[in-house]
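S.K.: Position one of the sequence shown corresponds to residue 13 (the numbering used here), numbered consecutively onward. Even for Gly, the Cβ is constructed at its ideal location relative to N, Cα and C. Since the structure is predicted, the reported quantities are computational estimates derived from the model, not experimental observations.
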Amino acid sequence: MNDAISVPAPTQDEKTMAMLAHILQIFTWWIGPLVIFLVKQDSKFVRFHALQALLWQITLMVLGMIGVFLWIAVIFSTVFSTIGKAPPNQAPPIALFAGMGLIWMGFMAVYLSNILFGILFGIKAGRGEWTSYPLLGRWARHIVKV
């Protein structure tokens, strides 16, 4: 980030733990960043990076649950709207298959962005940089008081 931060430069151990918080989120979702956040309470650098990864995983969980609920609502509304109206051998609507493809592509985009964020911010944390996730970094900075 910038040189105006009044926190001492991170040690190699702090860089490694901050990097691990980002990399572990790829494999352990929210558990790895949470463990690192709770274990390394004495380092603002590690807390900042672990909290960003944790907030990112919470955001992904909430968005994923919203997506699943919307998908279930679409399925049930489609089923209930066609009960008794369609002939028994009619094929499902093509929009259902197109919607499934779009939702699958959305989930893959989120999964790939999770991998990219984990690697990119893990590398930057390993270098000792105070980089921030878009939007979430500001919250983490405020919570950690950096």
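Helix or strand or just coil, what does DSSP make of D15?
M.R.: With a pLDDT of 45 at D15, under the threshold of 50, the predicted position of this residue should be treated as unreliable, and no value is reported.
S.K.: Got a sec? Which residues, its chain only, sit under 8 Å from L148 by beta carbon, not counting five neighbours each side?
M.R.: Q64, L67, W68, T71
S.K.: Using the three-state DSSP reduction, which class does V47 fall into: helix, strand or coil?
M.R.: helix
S.K.: Buried or exposed: where does Q102 fall if 16 or more other Cβ atoms within 10 Å of its Cβ makes it buried?
M.R.: exposed
S.K.: State buried or exposed for R150, treating a residue as buried only when at least 16 other CB atoms are found within 10 Å of its CB.
M.R.: exposed
S.K.: Quick one: Cα of F39 to Cα of K97, how far?
M.R.: 46 Å
S.K.: Measure how close the beta-carbons of A62 and G140 come, nearest whole angstrom, since I'm counting them as under 8 Å.
M.R.: Not confirmed; about 15 Å, so no contact.
S.K.: In terms of residues, what are the limits of the alpha helix (DSSP H) holding Y123?
M.R.: Where Y123 is concerned, the enclosing alpha helix (DSSP H) stretches over 106-138.
S.K.: Under a CB-based cut-off of 9 Å, is I115 close to chain B?
M.R.: Protein chain content of the structure displayed is limited to a single chain, and chain B is not contained in it.
S.K.: Whose C-alpha, out of Q53, M29, S55, K56, is nearest the C-alpha of G44?
M.R.: M29
S.K.: On the three-state DSSP scale, how would you describe W42?
M.R.: Note: W42 maps to coil in three-state DSSP.
S.K.: Mark K52 as exposed unless 16 or more other C-beta atoms lie within 10 angstroms of its C-beta, in which case mark it buried.
M.R.: buried
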